[in-house]
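Engineer: Next up is a structure, given as structure tokens.
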Amino acid sequence: MGYFLVTFLFMLIVIAVMAVGVVFGRNAIKGSCGGTGNCVCSEKCDKRKKFEAEQAQALEQQ
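Sequential numbering from 259 applies to the sequence shown in the working numbering.
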């Protein structure tokens, strides 16, 4: 039970520190491509290229 409590408290501290960083930094947590719909990478990843191709194809079919 002691290991559980130590682990639980450690995780709470980590989450609290991340929350404080977000609140004071005022920056949203972002992925490698800059977040949803905002790709700022110098070269787009394969997943993003596939997503954009599917969107273009859907627009052509309309």
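Glycine included, every Cβ here is placed at the ideal spot set by N, Cα and C.
For GLU310, which three-state DSSP category applies?
Structural biologist: Helix at GLU310.
Engineer: Could you spell out the range, first to last residue, of the alpha helix (DSSP H) harbouring MET276?
Structural biologist: Residues 260-283.
Engineer: Going straight from the alpha carbon of ILE273 to that of GLU312, what length do you get?
Structural biologist: Those two C-alpha atoms are separated by around 36 Å.
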